[in-house]
Amino acid sequence: MSYMGVDIGTSGCKAVVFSEAGRQLSSARRAYTVQTPRPGWAELSSSEVMDACCAVIAEAAAQTPAGEPLRGLGISSQGEAFTPVGARGEVLGNGLVSSDCRALDLVAPFVAGFGLERLYQLTGHTPSLMFSLFKLLWLKREQPSVWSAARAFLCYEDLLEQRLGVEPAMGWPLAGRTMLFDVEKHCWSPEILEALDLSADKLARPLASGSIAGTVSDAVAGKLGLPRGVAVVTGGHDQTIAALGAGVIEQGTAMYAAG
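The numbering of the sequence shown is the numbering used here, which starts it at 195 and goes up by one.
Shown next as structure tokens:
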């Protein structure tokens, strides 16, 4: 049996397949480009990102030896970027990546109204315009028609799950990068969502990393050349997953990442 890891980065995505013994069997990568339509703006075409993800999944699966059938697929993702999605699952806009600064003027007013200490108590973070919360506030103010038309707001982990025919779910580490997540109760914060005027049913299910979100649909499996019944497993934020992969699991150890 074999297992695939898919990483959705800012400059590209990659898929790697390993045997149960930990031997690498295949890999694939596709690049894409961050768009900067204005100074301080940084976004990705979410449709292009999803197409690239499907391409690397199909390529890595095709290179996997026949005697190592794929049984599971886990996803790690860049943080903060979200995509508005319509009622039919269609992409309604680009993903605003962590370096996007267009919501700068919205941070201080929101924090003043909500309370700095309470925001930290709930999310474990001090406010930063990189977080999804402030990007959503910008979308609500500047693109109200998209805000109203959106059936969901998905980060790239859960957007790929939807593309694979799975009900979207988000690993806790990635949910923690939105500034919408109660890190003690492991749920979307009703207080923050009320302040944003956003319903929790427009966000993916938050699940612990390593949870089975569902299985790749037969239709998608056929298109990508996957066997039937491949489990889709929640991963989370790429830096958290990278730390785990690097073995940073004991007190007194640390990892430094730059990119």
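We put the CB at the ideal spot given by N, CA and C, even for glycine. Bear in mind the structure is a predicted one, so any value in this text is a computation, not a measurement.
{"Check": "Other residues of its chain near L333: CB distance less than 6 angstroms, five sequence neighbours each side excluded", "Outcome": "W341"}
{"Check": "Cβ pair L219, P259 closer than 8 angstroms", "Outcome": "yes"}
{"Check": "The segment 418-435 touching the segment 373-390, judged by at least three CB pairs closer than 8 angstroms", "Outcome": "no"}
{"Check": "Unbroken beta strand (DSSP E) run spanning D201, endpoints", "Outcome": "196-202"}
{"Check": "Separation of A225 from A388, as counted between CA atoms", "Outcome": "The sequence as given places Glu at residue 388; Ala does not occur at that position. Using only the alpha carbons, I get a separation of about 38 angstroms."}
{"Check": "Heavy atom of the ligand MN within 7 angstroms of T227 beta-carbon", "Outcome": "Looking at this structure, you won't find the ligand MN or any other ligand, since it has none at all."}
{"Check": "Whole-angstrom C-beta distance between L330 and V426, which should lie under 8 angstroms", "Outcome": "25 angstroms between Cβ atoms; not a contact."}
{"Check": "Start-end ranges of the beta strand (DSSP E) lying completely within the segment 223-257, minimum 3 residues", "Outcome": "none"}
{"Check": "Alpha-carbon spacing of L300 relative to A369, whole angstroms", "Outcome": "21 angstroms"}
{"Check": "Contact set for E253: own chain, Cβ-Cβ below 7 angstroms, skip 5 residues either direction", "Outcome": "A222"}
{"Check": "P231 classed as buried or exposed, judged by whether at least 16 other C-beta atoms fall within 10 angstroms", "Outcome": "exposed"}
{"Check": "Outcome for D395 when other beta-carbon atoms lying within 10 angstroms are tallied against a minimum of 16", "Outcome": "exposed"}
{"Check": "Range covered by the alpha helix (DSSP H) that runs through P338", "Outcome": "338-343"}
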